[in-house]
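See below for the structure under consideration.
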């Protein structure tokens, strides 16, 4: 069992090393010529890099032996049922939970709350992104079931986003597009995508290469729309408060 779990782990270690070495070289260049950090801080950074290396390696190995196979099996099992439509609400729940547990999403929310001085709270951002991604996963399952082309969703979605940008502040526009990238993190990509591919594999008349993929594009779009909507609500609330204040002073 142990040999099976760590099968291909050497390749994973090589991939992680290949990804981190350029960053380490870049950091060392700045350390020698610009930063010149003290010894203790360098030791702490080195420990952090080791932990990051091990964490990435074990996570990717877990994805290969756990997330991908389980996700595909779930998708195939539900897709073979006579009531395969059940994957739509299941996809909604999975999308919400995966985003809610996504570390990168929590980091973004923390930074947004800190920079905004608490005006945009972590909790509001977390639920906004989680619900947005959950809806996009449910829509993706509908797309696979019905065989609807991806561009029927992508083109109108980005057109709506461009229109909403016209009425949104620069702050929420910037946060929205960063949220789109953050939401497509390892939890969503590794597990939910595997479910979609497995689902498309067993649905008659569906091609897993055409119908199974494209879900991440919708996941990247949904936080943009949800955060822009949140921004319009915040700005509408702010204008209402200003008007009430002006009326009271008058």
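Numbering (the numbering used here), first residue to last: 365 to 614.
Even for Gly, the Cβ is constructed at its ideal location relative to N, Cα and C.
The structure displayed is predicted, hence computed values, not measured ones.
The three-state reading of DSSP puts residue 567 in coil, since its state is none of H, G, I, E or B.
At a cut-off of 3 residues, not a single continuous stretch assigned as beta strand (DSSP E) sits fully inside the stretch 436-466. Note that the C-beta distance between residue 563 and residue 451 is below 8 Å. Separation of the CB atoms of residue 376 and residue 424 is rounded to 5 Å, and the pair is thereby assigned contact status at 8 Å. For residue 547 against residue 497, the beta-carbon gap comes to about 5 Å, under 8 Å, which counts as contact. 8 Å or more divides the Cβ of residue 463 from the Cβ of residue 591.
In this structure, residue 440 sits near residue 565, with a CB-CB distance shorter than 8 Å. No beta strand (DSSP E) of 3 residues or more sits fully in the stretch 488-553. In this structure, the beta-carbon distance from residue 449 to residue 490 does not fall below 8 Å. For the options 455, 447, 419, the alpha carbon positioned closest to that of residue 435 is the one of 455.
DSSP places residue 481 outside both helix and strand once states are collapsed to three, so it counts as coil. The stretch 516-529 makes no contact with the stretch 470-479: fewer than 3 CB pairs, one atom from each, lie closer than 8 Å. Put simply, the backbone Cα of residue 400 is about 25 Å away from that of residue 381. For residue 412, the uninterrupted alpha helix (DSSP H) run begins and ends at 403-426, by DSSP.
In this structure, the CA atom of residue 413 is about 15 Å from the CA atom of residue 379.
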